[in-house]
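Comments concern the structure below.
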Amino acid sequence: EVQLQESGPGLVKPSQSLSLTCSVTGYSITSNYWGWIRKFPGNKMEWMGYISYSGSTSYNPSLKSRISITRDTSKNQFFLQLNSVTTEDTATYYCARSSYGFDYWGQGVMVTVSS
Amino acid sequence: DVVLTQTPVSLLISLGGQASISCRSSQSLVHSNGNTYLHWYLQKPGQSPQLLIYQVSNRFSGIPDRFSGSGSGTDFTLKISRVEPEDLGVYYCLQRTHNPWTFGGGTKLELK
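Sequence order for the protein chains is P and W. Residue numbers for the first sequence follow the working numbering, beginning at 0 and rising by one. Residue numbers for the second sequence follow the working numbering, beginning at 26 and rising by one.
Following this line, the structure appears as structure tokens:
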């Protein structure tokens with residue numbers, strides 16, 4: 000069974016970087032696409048970007064200057080880094096596999112940006 | 026960016042009733058390869074979103090046939106028949122035809 004698990008700090012200071020890890024079990028990240036999505040307070044959802052089976056990436060242009068998605072295939076993990084965060088980046092962050100849509104999701108990690 | 030407008034924003038339905046959610050796109054979601062990448066999700070309280078329907082009308086593994094998707098071009102609909110308590114939550118549409126991928130604003134399904 001495909002399982003994803005996000006990990007990382009729940010509190011980040013403004014202007015610092017947010018770094019999250021998605022650990023995948025039951026499926027290799029060298030297949031398919033692997034994305035990051037966030038849900039803001041309220042209902043708004045935003046696709047942030049993905050890393051492909053080959054390591055290529057695609058990012059939401061609204062984040063392009065601040066975001067980086069990388070991976071470690073030996074650990075079957077992929078990572079999100081978001082630089083220069085503000086309070087507007089406070090959200091629940093999800094990692095997910097993108098196959099037929101986002102078909103498998105992590106449980107999400109709530110990140111608050113606050114001093 | 027493609028804007029997906031979901032209506033209604035909230036829906037009060039009796040158990041056993043039928044719900045219908047609309048997702049209207051600001052541009053056609055037909056990809057150059059002929060496929061339409063419009064998907065539906067349900068986020069139950071305290072859970073991650075789960076995929077219900079992919080590419081307009083295909084039910085994901087384990088999704089009961091009470092859920093059905095239809096539509097084409099810019100207008101899409103999710104129907105839920107014989108609503109059960111486990112169907113409550115927020116429904117989202119997502120398009121993956123155009124970059125950036127975008128979500129609808131969500132429709133909250135509650136019991137009457």
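A virtual CB, placed ideally from N, CA and C, is assigned to each residue, including glycine.
### Query
So what does DSSP say about glutamate 5(W), is it helix, strand or coil?
One cannot answer for residue 5(W) here, as it falls past the ends of chain W, which runs 26 to 137.
### Task
Please check if any C-beta of chain W sits within less than 8 Å of the C-beta of lysine 43(P).
Yes - at least one Cβ of chain W is within 8 Å of the one on lysine 43(P).
### Message
Is the beta carbon of threonine 24(P) closer than 8 Å to that of glutamine 2(P)?
### Response
Less than 8 Å divides the Cβ of glutamine 2(P) from the Cβ of threonine 24(P).
### Task
Look at the Cβ atom of valine 81(W), then the Cβ atom of serine 93(W), and state whether they are nearer than 8 Å.
The criterion of a C-beta distance shorter than 8 Å is not satisfied by valine 81(W) and serine 93(W).
### Same chain only: Cβ atoms within 6 Å of serine 30(P), ignoring 5 sequence neighbours per side
Once the five neighbours on either side are set aside, the close Cβ partners of serine 30(P) are Tyr52.
### Task
Spell out the partners DSSP gives tryptophan 104(P) in its beta bridges.
Answer is Ala95(P), bridged to tryptophan 104(P).
### Task
Could you work out which residue in Gly41(P), Lys63(P) and Gly34(P) is closest to threonine 89(P) when comparing CA atoms only?
When each option's Cα is compared against that of threonine 89(P), the closest is Gly41(P).
### Task
Within its chain, find whatever has a CB closer than 8 Å to the CB of threonine 127(W); leave out the 5 residues flanking it on each side and keep chain order.
The beta carbon of threonine 127(W) sits closer than 8 Å to the beta carbons of Asp26, Val27, Val28, Leu29, Leu119 and Gln120 from its chain, once the five residues preceding and following it are set aside; these are given in chain order.
### chain W contact for proline 60(P) (CB, 8 Å cutoff)
Chain W, which has a Cβ nearer than 8 Å to the Cβ of proline 60(P), makes this yes.
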